[in-house]
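For reference, the structure discussed in these notes is given below.
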Amino acid sequence: MSDIPAAPVGGALLTRAGNRRTFLRSTAVTAVLAGALSACKRAGAAPEEDEARPAPAPAPAAPPSPRAKADAMDAMHEARMKAFPAKTAGKGNQPLEPRIEKGVKVFELTASKVQWEVEPGRTVEAWTYNGQVPGPQIRVREGDRVRVVLENQLDESTSIHFHGLEIPNDQDGVPFITQPPVKPGERYTYEFTAPNPGSHMYHSHHDSTRQVGLGLLGAFIIEPKALRPIERVDHDYVLILNDGAHGFTLNGKSFPATEPLTAKLGEKIRIRFMNEGIMIHPMHLHGIHMTVIDRDGWPLPAPWKCDTLNIAPGERWDAIVHCTNPGTWAFHCHILPHAEGDHGMFGMVTALVVEK
Amino acid sequence: MSDIPAAPVGGALLTRAGNRRTFLRSTAVTAVLAGALSACKRAGAAPEEDEARPAPAPAPAAPPSPRAKADAMDAMHEARMKAFPAKTAGKGNQPLEPRIEKGVKVFELTASKVQWEVEPGRTVEAWTYNGQVPGPQIRVREGDRVRVVLENQLDESTSIHFHGLEIPNDQDGVPFITQPPVKPGERYTYEFTAPNPGSHMYHSHHDSTRQVGLGLLGAFIIEPKALRPIERVDHDYVLILNDGAHGFTLNGKSFPATEPLTAKLGEKIRIRFMNEGIMIHPMHLHGIHMTVIDRDGWPLPAPWKCDTLNIAPGERWDAIVHCTNPGTWAFHCHILPHAEGDHGMFGMVTALVVEK
Amino acid sequence: MSDIPAAPVGGALLTRAGNRRTFLRSTAVTAVLAGALSACKRAGAAPEEDEARPAPAPAPAAPPSPRAKADAMDAMHEARMKAFPAKTAGKGNQPLEPRIEKGVKVFELTASKVQWEVEPGRTVEAWTYNGQVPGPQIRVREGDRVRVVLENQLDESTSIHFHGLEIPNDQDGVPFITQPPVKPGERYTYEFTAPNPGSHMYHSHHDSTRQVGLGLLGAFIIEPKALRPIERVDHDYVLILNDGAHGFTLNGKSFPATEPLTAKLGEKIRIRFMNEGIMIHPMHLHGIHMTVIDRDGWPLPAPWKCDTLNIAPGERWDAIVHCTNPGTWAFHCHILPHAEGDHGMFGMVTALVVEK
Numbered sequence: 029m030s031d032i033p034a035a036p037v038g039g040a041l042l043t044r045a046g047n048r049r050t051f052l053r054s055t056a057v058t059a060v061l062a063g064a065l066s067a068c069k070r071a072g073a074a075p076e077e078d079e080a081r082p083a084p085a086p087a088p089a090a091p092p093s094p095r096a097k098a099d100a101m102d103a104m105h106e107a108r109m110k111a112f113p114a115k116t117a118g119k120g121n122q123p124l125e126p127r128i129e130k131g132v133k134v135f136e137l138t139a140s141k142v143q144w145e146v147e148p149g150r151t152v153e154a155w156t157y158n159g160q161v162p163g164p165q166i167r168v169r170e171g172d173r174v175r176v177v178l179e180n181q182l183d184e185s186t187s188i189h190f191h192g193l194e195i196p197n198d199q200d201g202v203p204f205i206t207q208p209p210v211k212p213g214e215r216y217t218y219e220f221t222a223p224n225p226g227s228h229m230y231h232s233h234h235d236s237t238r239q240v241g242l243g244l245l246g247a248f249i250i251e252p253k254a255l256r257p258i259e260r261v262d263h264d265y266v267l268i269l270n271d272g273a274h275g276f277t278l279n280g281k282s283f284p285a286t287e288p289l290t291a292k293l294g295e296k297i298r299i300r301f302m303n304e305g306i307m308i309h310p311m312h313l314h315g316i317h318m319t320v321i322d323r324d325g326w327p328l329p330a331p332w333k334c335d336t337l338n339i340a341p342g343e344r345w346d347a348i349v350h351c352t353n354p355g356t357w358a359f360h361c362h363i364l365p366h367a368e369g370d371h372g373m374f375g376m377v378t379a380l381v382v383e384k
Numbered sequence: 029m030s031d032i033p034a035a036p037v038g039g040a041l042l043t044r045a046g047n048r049r050t051f052l053r054s055t056a057v058t059a060v061l062a063g064a065l066s067a068c069k070r071a072g073a074a075p076e077e078d079e080a081r082p083a084p085a086p087a088p089a090a091p092p093s094p095r096a097k098a099d100a101m102d103a104m105h106e107a108r109m110k111a112f113p114a115k116t117a118g119k120g121n122q123p124l125e126p127r128i129e130k131g132v133k134v135f136e137l138t139a140s141k142v143q144w145e146v147e148p149g150r151t152v153e154a155w156t157y158n159g160q161v162p163g164p165q166i167r168v169r170e171g172d173r174v175r176v177v178l179e180n181q182l183d184e185s186t187s188i189h190f191h192g193l194e195i196p197n198d199q200d201g202v203p204f205i206t207q208p209p210v211k212p213g214e215r216y217t218y219e220f221t222a223p224n225p226g227s228h229m230y231h232s233h234h235d236s237t238r239q240v241g242l243g244l245l246g247a248f249i250i251e252p253k254a255l256r257p258i259e260r261v262d263h264d265y266v267l268i269l270n271d272g273a274h275g276f277t278l279n280g281k282s283f284p285a286t287e288p289l290t291a292k293l294g295e296k297i298r299i300r301f302m303n304e305g306i307m308i309h310p311m312h313l314h315g316i317h318m319t320v321i322d323r324d325g326w327p328l329p330a331p332w333k334c335d336t337l338n339i340a341p342g343e344r345w346d347a348i349v350h351c352t353n354p355g356t357w358a359f360h361c362h363i364l365p366h367a368e369g370d371h372g373m374f375g376m377v378t379a380l381v382v383e384k
Numbered sequence: 029m030s031d032i033p034a035a036p037v038g039g040a041l042l043t044r045a046g047n048r049r050t051f052l053r054s055t056a057v058t059a060v061l062a063g064a065l066s067a068c069k070r071a072g073a074a075p076e077e078d079e080a081r082p083a084p085a086p087a088p089a090a091p092p093s094p095r096a097k098a099d100a101m102d103a104m105h106e107a108r109m110k111a112f113p114a115k116t117a118g119k120g121n122q123p124l125e126p127r128i129e130k131g132v133k134v135f136e137l138t139a140s141k142v143q144w145e146v147e148p149g150r151t152v153e154a155w156t157y158n159g160q161v162p163g164p165q166i167r168v169r170e171g172d173r174v175r176v177v178l179e180n181q182l183d184e185s186t187s188i189h190f191h192g193l194e195i196p197n198d199q200d201g202v203p204f205i206t207q208p209p210v211k212p213g214e215r216y217t218y219e220f221t222a223p224n225p226g227s228h229m230y231h232s233h234h235d236s237t238r239q240v241g242l243g244l245l246g247a248f249i250i251e252p253k254a255l256r257p258i259e260r261v262d263h264d265y266v267l268i269l270n271d272g273a274h275g276f277t278l279n280g281k282s283f284p285a286t287e288p289l290t291a292k293l294g295e296k297i298r299i300r301f302m303n304e305g306i307m308i309h310p311m312h313l314h315g316i317h318m319t320v321i322d323r324d325g326w327p328l329p330a331p332w333k334c335d336t337l338n339i340a341p342g343e344r345w346d347a348i349v350h351c352t353n354p355g356t357w358a359f360h361c362h363i364l365p366h367a368e369g370d371h372g373m374f375g376m377v378t379a380l381v382v383e384k
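Residue numbers (our numbering), protein chains in the order written: chain L, 29 to 384; chain S, 29 to 384; chain Z, 29 to 384.
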């Protein structure tokens, strides 16, 4: 999710000319409009050419015209769209390479507070693993021996729960049930054999409403020993939804700082949806359906199709998208106030860019 | 959803007499009650006959008795039930006949503000297509050539997204990605071949939290070239859920102004649920289960049964109800504050009336 | 859900010693920590031994150190965990034995207000059936003749809706549609033949936002004439979720007063999830997956697996857990603010205890 050509994203696909023809064919309406336009002494200009002109300076007491207000709103919307994908400091969900110790894959996670840029110019306090929101992506193979070493540099105790993994109880990460809390300044080691494959998560299980809301979470993916045919894809994306202290985010960023998903026409992608928030988020993909194959890492008995996939807190869903329809497709939570305000799109919005 | 006999709806099925027998058989309780009733000098009256009598005027300082308070509350509940289905001005989701131009089905949609009566006496500002909430129902056949001409009579720019349709990217309706916004006073034309069949929607994709919340939405149904056997039904209903500026509504109306669904005993109906709101709505049908066949217009690999179907924002679900149980069945969102308050039922409530 | 050994629950499975070794191996970090500890004159103590010591009394103006604050928070968390399962007065969802009258199973339900202890020391007003929250569990067999006699000792009218049961319309419990409201002091009798088997509910259908929120609800289970093989289990648990006036509860209690589910290693349990609240609750089971077999009492065409099962208001889901992983497994709503605050876990939290 990094090498996106800027061109097709953000307004380059305008089709106004094609529609102006249609517009002008509709003569009755044109006449009405022409009258209106003439009244404000702009009759000679086609409406779309007006956009580029400065509006005449209004008399001091005159309120802005509806058109001027619409133009002002649209300019805010356009600026947000054209800024996508916007650069921000920091990137979460980055693959974490383990070091190998006597055949064990060892992952080091340090919990600490950082400043995190959620969208351009909006920087918040984040509680992170290794300075990332979401934490680094851990990806192992079914049957691997895995060690996760947690160092707590926070002012609060913490722990890690491996959400979805069927591991021995004493590695489950629940303070005062399966382990003591990991105090500020302490280290704690988890070790287990990677069990049931699929899309899982890791996150704090101590003061978790605050700690997960502030960023102590990440993807834990266990690849199966053998891929099912439907799992053979060209790109494998993780999309972690959150709605805590940082607002509505996809992989720790708010639109326009979210990252587009990209594919070439005809390619297949896998999207691993994970909800680490406290609300549902029905993710709607424009233009192409999703084939849902796994739930919480478990293969569904029969895949099914949709364009709006509702992900509840704690759930993971894996979907395949066969990218047969070229273009830049909006992809967003369909709880509209999680995705758009009167200043334009924000929050849980990204795009799937299918390049010809 | 229009030719409902008034009789079976709203209180005509009372079975009090049958239960009075049971009531009087229970002598111990009758004795206790008789004492209580005697104390307020009403011992001679069976409790149910009391309802019709005026209560004696209370002394100035006396608070109302619990029974009087219960009667007052029940009277409000009864009035709402008996008002159903209540007449209001305006009706949404009406089939829109296209005109045919050289083999193309042309639908004209005009976005404008109107006053909309949500329930008797409650009229709100609505932003509508063709003056309806929901907008007119568009229904075409897979493979049809379709043109939708939007005229914007609002003070804001707008656009139409065809939610669920796999059409070319430049017809997708997302301002600054696939088209310019349609300014106040402008017209804009969409044209495409009807693709994947099923229950879809159309709605604004500009300032959409406000515009969809105020009513700029409608059903877009693509009938398949060939019906599956399970799709052969006697009635085909669309139920659009919303929870925006107009409150909790079904097809733009709040109970008791919602419209019942009707069928004759033994008939099959199809219900196309569509959520254009920002909250989930688990719709509960009393007395008969639903067989869910499609999700977002896509056939499920195997239909499944339920009586409470949770519809998340942006989702569509198609269910078949085989009307084998006669009567007037409550049918409502099971988030109870979306359906009932202490004044009685309101909002997302209707009924399925199965006539013998 | 009663005979839980206290030992494995609540902190007995600590594995600190094993991790201290790991901790001390990490010498670089130890050095840094040693410096910090030396600075507060506690260098000689291993961090974990510090927990048992009283902190030195701070100088009047000194704020508590981060470690002291962490210890104070952890002590609150630990106290809640160790209190589990906490004793409280009253227990809901208790099996209700019918009396048999001429072959009819007769269940008596009395609606009345009681004081209900939700968690130790927090007692609230509850509107109950037979003094229980949830009301008593009704369990009959498909084809049984069933009579339910409701006595209303509340100050409000009420009624009972049998949620999910396909019974004759005049037994459906909707005031002013299928019956009159049952006034304060009245009795009302429902009678029907137990229809479609599965996990159903009964609850008030009058002023229901308040009445169900305050406790007028219970499980109504209809056992099938013949069990499917997948239904043969060692324990059958009902888990009723609510989020009304009593806060976030499982079977009427808030953690630590919730009851654990228990099984021996290798046993199978069935969990009947029922949501009587107004919010979704995605229930997450640690360490072992669930196989979901029924929805609203109807068998799924093909069971599927998950570890986080989202239950919407009015829905019932039946899941089988094959208890192959021993230990005390946290089991909670994954909307984290329904399960944990900065004082520790509360609300919709319990545990599955799998004993070796």
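Yeah, the Cβ is synthetic: ideal placement off N, Cα and C, and Gly gets one too.
Which runs of the beta strand (DSSP E) spanning at least 3 residues fall entirely within the segment 156-239 of chain L, listed in chain order? 166-169, 173-180, 189-191, 215-221 and 226-231
Assign GLY149(S) to one of three DSSP states: helix, strand, or coil. One-based indexing of the second sequence puts residue 149(S) at position 121. Three-state DSSP puts GLY149(S) in coil, outside helix and strand.
Name the residue from THR352(L), VAL261(L), ASP200(L) and GLU170(L) whose alpha carbon lies nearest to the alpha carbon of HIS231(L). Numbered from 1 along the first sequence, position 203 holds the residue referred to as residue 231(L). When only C-alpha atoms are compared, the closest one is ASP200(L).
Rounded straight-line distance, which links the Cα of ASP324(Z) to that of LEU242(Z): Here residue 242(Z) is taken as the residue at index 214 of the third sequence, counted from 1. Here residue 324(Z) is taken as the residue at index 296 of the third sequence, counted from 1. Approximately 23 Å, taken between the alpha carbons.
Below 6 Å CB to CB, which residues in the same chain sit around GLU129(Z) once its five sequence neighbours on both sides are set aside? Walking along the third sequence from the start, residue 129(Z) turns up at place 101. For GLU129(Z), where only same-chain residues beyond five positions count, there are no Cβ hits under 6 Å.
On the criterion of 16 or more Cβ atoms from any shown chain inside 10 Å, does GLN207(Z) qualify as buried, or is it exposed? Indexing the third sequence from 1 puts residue 207(Z) at position 179. Per the 10 Å Cβ criterion, buried.
Would you check if the distance between the CB atom of MET373(L) and the CB atom of PHE276(L) is smaller than 8 Å? Position 345 of the first sequence, counting from 1, holds the residue named residue 373(L). Position 248 of the first sequence, counting from 1, holds the residue named residue 276(L). In this structure, PHE276(L) does not lie closer than 8 Å to MET373(L) by Cβ.
When TYR157(Z), VAL202(Z), ILE363(Z) and ARG127(Z) are compared against MET307(Z), the one with the closest alpha-carbon: Residue numbering aside, residue 307(Z) sits at position 279 when the third sequence is read from its first letter. Among TYR157(Z), VAL202(Z), ILE363(Z) and ARG127(Z), the Cα nearest to that of MET307(Z) is on ILE363(Z).
For MET104(S), count neighbouring Cβ atoms within 10 angstroms of its own Cβ and tell me buried if that reaches 16, exposed if not. Here residue 104(S) is taken as the residue at index 76 of the second sequence, counted from 1. Looking at its Cβ environment, which holds fewer than 16 other Cβ atoms inside 10 Å, MET104(S) is exposed.
Please list the partners that CYS334(S) has in chain Z, where partner means a Cβ-to-Cβ separation under 8 Å. As a first step, residue 334(S) is located in the second sequence; it is residue number 306 there, counting from the start. Residues of chain Z passing the Cβ test: ARG323, ASP324, TRP326 and GLU343.
If you draw a straight line from the C-alpha of LEU320(Z) to the C-alpha of ASP271(Z), how long is it? For the purposes of this step, residue 320(Z) is taken as residue 292 along the third sequence, with counting starting at 1. For the purposes of this step, residue 271(Z) is taken as residue 243 along the third sequence, with counting starting at 1. With the sequence shown as reference, residue 320(Z) is identified as Val, and Leu is not the correct amino acid for it. If you take the alpha carbons of VAL320(Z) and ASP271(Z), they lie about 23 Å apart.
DSSP on ILE258(L), reduced to helix/strand/coil? Position 230 of the first sequence, counting from 1, holds the residue named residue 258(L). The answer is helix: DSSP assigns ILE258(L) an H, G or I state.
Pairing CB atoms from the segment 355-362 of chain Z with CB atoms from the segment 291-300 of chain L, are three or more of them under 8 Å? no
Where does HIS233(Z) land, buried or exposed, given buried means 16+ other C-beta within 10 angstroms? To locate residue 233(Z), count along the third sequence from 1; it is residue 205. It is buried - the Cβ of HIS233(Z) has at least 16 other Cβ atoms within 10 Å.
Answer yes or no: does any C-beta atom of chain Z fall closer than 8 Å to that of GLY275(S)? Position 247 of the second sequence holds residue 275(S). Output row for GLY275(S): interface = no.
Mind checking VAL60(S): buried by the 16 CB within 10 Å criterion, or exposed? Start at 1 with the first residue of the second sequence, and residue 60(S) comes out as number 32. With a pLDDT of only 27 at VAL60(S), under 50, the local geometry of the prediction cannot be trusted, and the value read off the model is given with reservation. Under this definition VAL60(S) is an exposed residue.
DSSP beta-bridge partners of ALA154(Z): Here residue 154(Z) corresponds to residue number 126 of the third sequence, with the count starting at 1. ALA154(Z) is bridged to VAL142(Z).
Consider the Cβ of ASN270(S): report whether some Cβ of chain Z lies at a distance smaller than 8 Å. Start at 1 with the first residue of the second sequence, and residue 270(S) comes out as number 242. Closer than 8 Å: no.
Measure the CB-CB distance between THR221(L) and PHE283(L) and report whether it falls below 8 Å. As a working mapping, residue 221(L) is identified with position 193 in the first sequence. As a working mapping, residue 283(L) is identified with position 255 in the first sequence. No, these two residues do not count as a Cβ contact at 8 Å.
Does the Cβ-Cβ distance between ARG269(L) and HIS317(L) come in under 8 Å? Position 241 of the first sequence holds residue 269(L). Position 289 of the first sequence holds residue 317(L). Checking the sequence shown, residue 269(L) turns out to be Leu, not Arg. Contact flag unset, no.
Closer than 8 Å, Cβ to any Cβ of chain Z: which residues of the segment 87-107 of chain S, in chain order? PRO94, ARG95, LYS97, ALA98, ASP99, MET101, ASP102, HIS105 and GLU106
Compute the beta-carbon to beta-carbon distance between PRO209(L) and THR237(L), rounded to the nearest angstrom, for a pair I have assumed lies under 8 Å. As a first step, residue 209(L) must be located in the first sequence, where it is residue number 181. As a first step, residue 237(L) must be located in the first sequence, where it is residue number 209. Not really, about 15 Å apart at Cβ, beyond 8 Å.
Just to confirm, is the Cβ distance from GLY184(S) to MET101(L) under 8 Å? Residue 184(S) sits at position 156 when you count from the first residue of the second sequence. Residue 101(L) sits at position 73 when you count from the first residue of the first sequence. Note that residue 184(S) corresponds to Glu in the displayed sequence, not to Gly. Yes, these two residues count as a Cβ contact at 8 Å.
Burial state of GLY149(L) (16 or more Cβ within 10 Å): By one-based count along the first sequence, residue 149(L) stands at place 121. Exposed, by the Cβ-count rule.
Given a cut-off of 8 Å, decide if PHE190(Z) and PHE135(Z) are closer than it, judged by their beta-carbon atoms. One-based indexing of the third sequence puts residue 135(Z) at position 107. One-based indexing of the third sequence puts residue 190(Z) at position 162. For PHE135(Z) and PHE190(Z), no; Cβs fall outside 8 Å.
For chain L, is any of its Cβ atoms less than 8 Å away from the one on ARG49(S)? Here residue 49(S) refers to the residue found at position 21 when the second sequence is read from its first residue. No answer about ARG49(S) holds up, because its pLDDT of 32 lies below 50 and its placement is not dependable.
Let me know the secondary structure DSSP gives MET307(Z) once reduced to three states. Counted from its first residue, the third sequence places residue 307(Z) at position 279. MET307(Z) falls in the coil class under three-state DSSP.
Measuring alpha carbon to alpha carbon, tell me which residue in CYS361(S), ALA285(S), TYR216(S) and GLY159(S) is nearest ALA114(S). Position 86 of the second sequence holds residue 114(S). Here the closest residue by C-alpha is ALA285(S).
Need the endpoints of the alpha helix (DSSP H) that MET376(S) sits in, please. By 1-based counting over the second sequence, the position of residue 376(S) is 348. Segment: none, MET376(S) is in no alpha helix (DSSP H) and carries neither H nor E.
Tell me whether ASP370(L) is buried or exposed, calling it buried when 16 or more other Cβ atoms sit within 10 Å of its Cβ. Here residue 370(L) refers to the residue found at position 342 when the first sequence is read from its first residue. Looking at its Cβ environment, which holds fewer than 16 other Cβ atoms inside 10 Å, ASP370(L) is exposed.
THR138(Z) and ARG175(Z): beta carbons closer than 8 Å? Within the third sequence, the letter at position 110 stands for residue 138(Z). Within the third sequence, the letter at position 147 stands for residue 175(Z). For THR138(Z) and ARG175(Z), no; Cβs fall outside 8 Å.
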